[in-house]
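Enquirer: So in the numbering used here, spot 2 of the sequence shown is number 112, and the numbers just go up one at a time. Have a look at this one before I ask anything.
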Amino acid sequence: MKTHLALMALFLLSLPAYSQDAELEMLGIPSGQKSYPPMQGSDLFQGTQDQAQKFYSSGGITYADVMPLEGFGFVKLYHPRNRGYGSFDLVEILKDAAAKLQTAFPSRDRVMIGDMSAEHGGYISGHASHQNGLDADVAFIRLNQTEQDPQDTRGFEESFVKHGKMTQNFDFTRNWAFAKILIATGRVQRIFVNAVVKKAFCAWAKATDELQTERETLKRLRVISGHTDHFHVRITCPHNSLSCKPQEDMSEDTGC
């Protein structure tokens, strides 16, 4: 057993530019905090109104719900932008995931939620999507447990990829847990991240022996350019949004 742990520690220390503290903490994560089983029920986080209209890149929202400026485990950023609208489903999924993360890993900082949609949806500057209440940007979680000023509209203030490697302040334990919590709802179709971030998550899953048990999470972590500072979360069409056009699902390939 000691030999196994020693080999695991050596493997973790060989990973490029990760936080050593987070890597060593990983060895002591209780098994109950490593896996979040899928929730059951087709009505989970299902709103009763017809909200999401058409496609994520050419749509709108009716009767939009609004993300509270703060709550247990989360804070909404960019207050002056007024881009905190979404479907009931998206708002509730984000609130629930943030609360679960804070409960599992109590910390000084909260999940920081950036742009969602405008009040009636449609195009917003800086985004090709975010048009029908299904998309939200969420800052990657920091190891130093700090938050940025929610009034600052200049964007996420910290990139976690430098010179093709992850920075020391990327909290692998909580970012990985947050991704798993989101996917476990059965309602998050895609989470877009940078290619370097995806590769790092694959290495983390390998180190925690989760390459097979978390295939669903890994396959839904999709590579996209940019996105070195945040998750881009996209949920499936709400059941009662009759004109919502779903995005095609992806293959079973985890991309690892």
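No residue lacks a Cβ here, since even glycine has one placed at the ideal position from N, Cα and C.
Just the C-alpha distance for Phe270 and Gln258, rounded to the nearest angstrom, thanks.
Expert: As a working mapping, residue 270 is identified with position 160 in the sequence shown. As a working mapping, residue 258 is identified with position 148 in the sequence shown. One C-alpha to the other measures close to 15 Å.
Enquirer: Would Gln299 and Thr346 qualify as a contact pair, given that the criterion is a beta-carbon distance under 9 Å?
Expert: Working through the sequence shown from its first residue, we reach residue 299 at position 189. Working through the sequence shown from its first residue, we reach residue 346 at position 236. Contact flag set, yes.
Enquirer: Around the Cβ of Asp245, are there at least 16 other Cβ atoms within 10 angstroms (buried) or fewer (exposed)?
Expert: By one-based count along the sequence shown, residue 245 stands at place 135. Classification of Asp245: buried, given that the 10 Å Cβ count is 16 or more.
Enquirer: Since Phe198 is in the alpha helix (DSSP H), which residue starts that stretch and which ends it?
Expert: On the sequence shown, position 88 is the one that residue 198 refers to. Unbroken alpha helix (DSSP H) run through Phe198: 198–214.
Enquirer: Which of the three DSSP states, helix, strand or coil, is assigned to Cys347?
Expert: Position 237 of the sequence shown holds residue 347. Residue state, collapsed to three classes: coil.
Enquirer: Could you give the residue range of the alpha helix (DSSP H) that holds Ala310?
Expert: As a first step, residue 310 must be located in the sequence shown, where it is residue number 200. Where Ala310 is concerned, the enclosing alpha helix (DSSP H) stretches over 305–317.
Enquirer: To the nearest angstrom, how far is it from the Cα of Arg325 to the Cα of Thr364?
Expert: Position 215 of the sequence shown, counted from the first residue, corresponds to residue 325. Position 254 of the sequence shown, counted from the first residue, corresponds to residue 364. Their backbone Cα atoms lie some 6 Å apart in a straight line.
Enquirer: Throw me the rounded Cβ distance for the Asp247 and Gly224 pair, which I believe falls under 8 Å.
Expert: Position 137 of the sequence shown, counting from 1, holds the residue named residue 247. Position 114 of the sequence shown, counting from 1, holds the residue named residue 224. About 4 Å separates the two Cβ atoms, so the contact holds.
Enquirer: By how many angstroms is the C-alpha of Thr263 removed from the C-alpha of Thr295?
Expert: Along the sequence shown, read from residue 1 onward, the residue named residue 295 stands at position 185. Along the sequence shown, read from residue 1 onward, the residue named residue 263 stands at position 153. So the alpha carbons of these two residues sit roughly 30 Å apart.
Enquirer: How about the region 301–310 and the region 346–357: do they share at least three Cβ pairs that are nearer than 8 Å?
Expert: Not touching, per the Cβ criterion.
Enquirer: Between the alpha carbons of Thr323 and Asp359, how many angstroms are there, rounded?
Expert: As a first step, residue 323 must be located in the sequence shown, where it is residue number 213. As a first step, residue 359 must be located in the sequence shown, where it is residue number 249. The straight-line gap from Cα to Cα measures roughly 20 Å.
Enquirer: Across which residues does DSSP place Ser227 in a beta bridge pair?
Expert: What you label residue 227 is simply residue 117 of the sequence shown in a count that begins at 1. For Ser227, which the question treats as bridged, DSSP gives the partners Tyr195.
Enquirer: What number of angstroms, rounded off, separates the C-alpha of Thr172 from the C-alpha of Phe198?
Expert: Taking the sequence shown and counting its residues from 1, the one referred to as residue 172 is at position 62. Taking the sequence shown and counting its residues from 1, the one referred to as residue 198 is at position 88. Between Thr172 and Phe198, the C-alpha separation is close to 11 Å.
Enquirer: Can the beta-carbon of Gly243 be found less than 9 Å from the beta-carbon of Gln161?
Expert: Here residue 243 corresponds to residue number 133 of the sequence shown, with the count starting at 1. Here residue 161 corresponds to residue number 51 of the sequence shown, with the count starting at 1. Yes, these two residues count as a Cβ contact at 9 Å.
Enquirer: Out of curiosity, what's the CA-to-CA distance linking Val201 and Lys186?
Expert: Here residue 201 is taken as the residue at index 91 of the sequence shown, counted from 1. Here residue 186 is taken as the residue at index 76 of the sequence shown, counted from 1. Those two C-alpha atoms are separated by around 11 Å.
Enquirer: Just grab the DSSP bridge partners of Ile171 for me.
Expert: In the sequence shown, the residue the question calls residue 171 occupies position 61. DSSP lists Ala162 as partners of Ile171.
Enquirer: Hey, how far is the Cα of Ala249 from the Cα of Ser167?
Expert: In the sequence shown, the residue the question calls residue 249 occupies position 139. In the sequence shown, the residue the question calls residue 167 occupies position 57. For Ala249 and Ser167, the distance between alpha carbons rounds to 21 Å.
Enquirer: Which same chain residues end up closer than 7 Å to Trp286 when comparing Cβ atoms and leaving out the 5 residues on each side of it in sequence?
Expert: Translated into positions along the sequence shown, residue 286 becomes position 176. Result list for Trp286: Phe311, Trp314, in chain order.
Enquirer: Could you give the residue range of the alpha helix (DSSP H) that holds Leu292?
Expert: Taking the first residue of the sequence shown as 1, we reach residue 292 at position 182. Run containing Leu292: 282–294, per the alpha helix (DSSP H) assignment.
Enquirer: Taking buried to mean at least 16 other C-beta atoms within 10 Å of its own C-beta, is Thr207 buried or exposed?
Expert: Counting from 1 along the sequence shown, the entry for residue 207 is found at position 97. Looking at the sequence itself, residue 207 is Ala, so the reference to Thr does not match. Result: buried.
Enquirer: Start and end of the alpha helix (DSSP H) containing Leu398?
Expert: Since the first residue of the chain shown is 111 and the last is 366, residue 398 is not available in this structure.
Enquirer: Can you tell me the Cα-Cα spacing of Glu320 and Val333, whole angstroms?
Expert: Here residue 320 is taken as the residue at index 210 of the sequence shown, counted from 1. Here residue 333 is taken as the residue at index 223 of the sequence shown, counted from 1. Their backbone Cα atoms lie some 19 Å apart in a straight line.
Enquirer: Classify His189 as helix, strand or coil using the three-state DSSP reduction.
Expert: For the purposes of this step, residue 189 is identified with residue 79 of the sequence shown, where counting begins at 1. Three-state result, His189: helix.
Enquirer: Excluding sequence positions up to five away, which residues of its chain have a Cβ less than 7 Å from the Cβ of Phe266?
Expert: Counted from its first residue, the sequence shown places residue 266 at position 156. Closer than 7 Å at the Cβ level, and outside the excluded window around Phe266, lie Gly224, Ala249, Asp339, His340.
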